[in-house]
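Asks: In the working numbering, the protein residues as written are 10 to 356.
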Amino acid sequence: MAQNLDKQIEKTLKAYRASGVEEQVDYQKFYLYSIVTHSTAIEGSTVTEIENQLLFDEGIAAKGRSLTEQMMNVDLKDAYLYAFKLATDNPTYTPQLLQQLSALVMRRTGSEYSTIAGHFDSSKGEFRLCNVSAGIGGRSYLAYNKVSRAVDDFCSWLNEEIATADRENIVACYRLSFEAHFLLVTIHPWVDGNGRTTRLVMNMIQRQLGLIPSIVRKEDKGEYIQSLVDSRENDDSTIAQDVMLRHHIANINRRILQYQENDTVNAQSDTVNDTANANNDTVKGLKKSLQKVYTVILNNPEITHSEIMETLHISESTAKRATRDLKKLGYIAREGSDKTGRWVIMK
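#1: Residues in its own chain within less than 8 Å of residue 83 by CB, not counting five upstream and five downstream?
#2: Would you tell me roughly how many angstroms separate the C-alpha atoms of residue 198 and residue 137, rounded to the nearest one?
#3: Just to check my reading of the structure: residue 344 and residue 351 have Cβ atoms closer than 8 Å, yes? What is that Cβ distance to the nearest angstrom?
#4: Residues in its own chain within less than 7 Å of residue 106 by CB, not counting five upstream and five downstream?
#5: Verify whether the separation of the beta carbon atoms of residue 265 and residue 120 is less than 7 Å.
#6: So is residue 38 buried or exposed if we call it buried at 16+ other beta carbons inside 10 Å?
#7: Identify every residue that forms a DSSP beta bridge with residue 3.
#8: Comparing C-alpha positions only, which one of 329, 313, 340 sits nearest to residue 16?
#9: Mapping DSSP to helix, strand and coil, what is residue 124?
#10: In terms of alpha-carbon separation, which member of 330, 257, 196, 207 lies closest to residue 155?
#11: For the alpha helix (DSSP H) holding residue 343, just list the boundary residues, first then last.
#12: With DSSP run on the structure shown, which of helix, strand or coil describes residue 354?
#13: Please classify residue 28: does DSSP put it in a helix, a strand, or coil?
#14: Quick check on DSSP: helix, strand or coil for residue 93?
#15: How would you label residue 34, buried or exposed, when you count the other beta carbons within 10 angstroms and need 16 or more for buried?
#16: Strictly by DSSP, which residues pair up with residue 149?
#17: Report the option in 213, 310, 320, 258 whose CA atom is closest to the CA atom of residue 89.
#18: Residue 310 to residue 71, Cα distance in whole Å?
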């Protein structure tokens, strides 16, 4: 499975670059807003992407949303802007830098704590001085008195990995960023904000290595968290790596599809652009549901039914029915088995 994912991410990113999706006005800004919205949603925020756009760009607060969750989003957006700017300078990761990032994430929602071990302030990014567990009855994280040493070791490991990383090896670079996220969230250095901060560090590493930052979508929360748990319990971080890589592939494919659908609508409404309309002739006779499946296959002929399901949020029976219909209509053919074969584009 891992090798298949490694091949898919390279092909998907190639299609993404060629699609022109990144050339849209303010695309990078809105992509960042999407990262922020999904990351906070995983932690309980109900603020939508549209509401965040109004909040970030116009200063308009969303009705019915608590002040805390809105400040959570503002703080995380500011933290990302700082981290992405810093990433361009090829920074050295230190415990102090990680605390600085956490302080930005928790700026308006952090609190002061007094424990037997001492006093600490999460709004300043200070490491926890208490023990924590993964929910009620959940497994305990690293003892607080071992956190500082563990973070030191993590930073040493990360700096060495980045320094020796082959930046032409896209797959290895993504897996490095996912590994860093898993290791840091497993240490759980802070009393609060670990998820947001460690995903921020993951995306910062990706930006530093010249990658498209991955989004952990709120819809994938359950599988994402379970993959972290399974990786911890099995002492195998590739479990989480594979899940996050698969989610990233699906998200990129989804964005390509959305862009092409919008581009098709624009082209069809523009009677002057005859060339653009001509390019849509192969799919305009298909039902919209079949058009979506055909476009996904066109972008990635090695995509499987399960990946079509994940990209388009449809059931397995719907995906198989669509490919069966496309084969009957002569649009595609299947070469090889369901697991190792590929789609052949006939039209």
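Glycine residues also receive a C-beta, built at the ideal position from the N, C-alpha and C atoms.
Replies: Once the coordinates are examined:
#1: The residue you call residue 83 lines up with position 74 of the sequence shown. Answer for residue 83: 64, 65, 117, listed in chain order.
#2: Within the sequence shown, residue 198 is the residue found at index 189, counting from 1. Within the sequence shown, residue 137 is the residue found at index 128, counting from 1. Looking at the two C-alpha atoms, the distance is approximately 6 Å.
#3: Walking along the sequence shown from the start, residue 344 turns up at place 335. Walking along the sequence shown from the start, residue 351 turns up at place 342. About 5 Å separates the two Cβ atoms, so the contact holds.
#4: The count along the sequence shown starts at 1 and reaches residue 106 at position 97. Here the set comprises 100.
#5: Along the sequence shown, one-based indexing puts residue 265 at 256. Along the sequence shown, one-based indexing puts residue 120 at 111. Cβ atoms of residue 265 and residue 120: not closer than 7 Å.
#6: Translated into the one-based positions of the sequence shown, residue 38 becomes position 29. With fewer than 16 other Cβ atoms within 10 Å, it is exposed.
#7: Here the chain has residues from 10 to 356 only, and residue 3 is not among them.
#8: Taking the sequence shown and counting its residues from 1, the one referred to as residue 16 is at position 7. Comparing Cα-Cα distances from residue 16 to each of 329, 313, 340, the minimum goes to 313.
#9: Locating residue 124 in the sequence shown gives position 115, where the first residue counts as 1. Residue 124: strand per DSSP, three-state reduction.
#10: Along the sequence shown, one-based indexing puts residue 155 at 146. Of the listed residues, the one whose Cα sits closest to residue 155 is 196.
#11: Position 334 of the sequence shown holds residue 343. Looking at the DSSP string, residue 343 is not in any alpha helix (DSSP H); the run it does join, the beta strand (DSSP E), is 341-344.
#12: In the sequence shown, counting from the first residue as 1, residue 354 sits at position 345. Reduced to three states, the DSSP call for residue 354 is strand.
#13: By one-based count along the sequence shown, residue 28 stands at place 19. Note: residue 28 maps to helix in three-state DSSP.
#14: For this step, residue 93 is matched to residue 84 along the sequence shown. Reduced to three states, the DSSP call for residue 93 is helix.
#15: Numbered from 1 along the sequence shown, position 25 holds the residue referred to as residue 34. The residue is exposed, with fewer than 16 neighbouring Cβ atoms inside 10 Å.
#16: In the sequence shown, residue 149 corresponds to position 140, counting from 1. DSSP, once it has assigned bridges, lists 142 as partnering residue 149.
#17: The residue labelled residue 89 in the question sits at position 80 within the sequence shown. Measuring from the Cα of residue 89, the nearest candidate turns out to be 213.
#18: By 1-based counting over the sequence shown, the position of residue 310 is 301. By 1-based counting over the sequence shown, the position of residue 71 is 62. Their Cα atoms are separated by approximately 42 Å.
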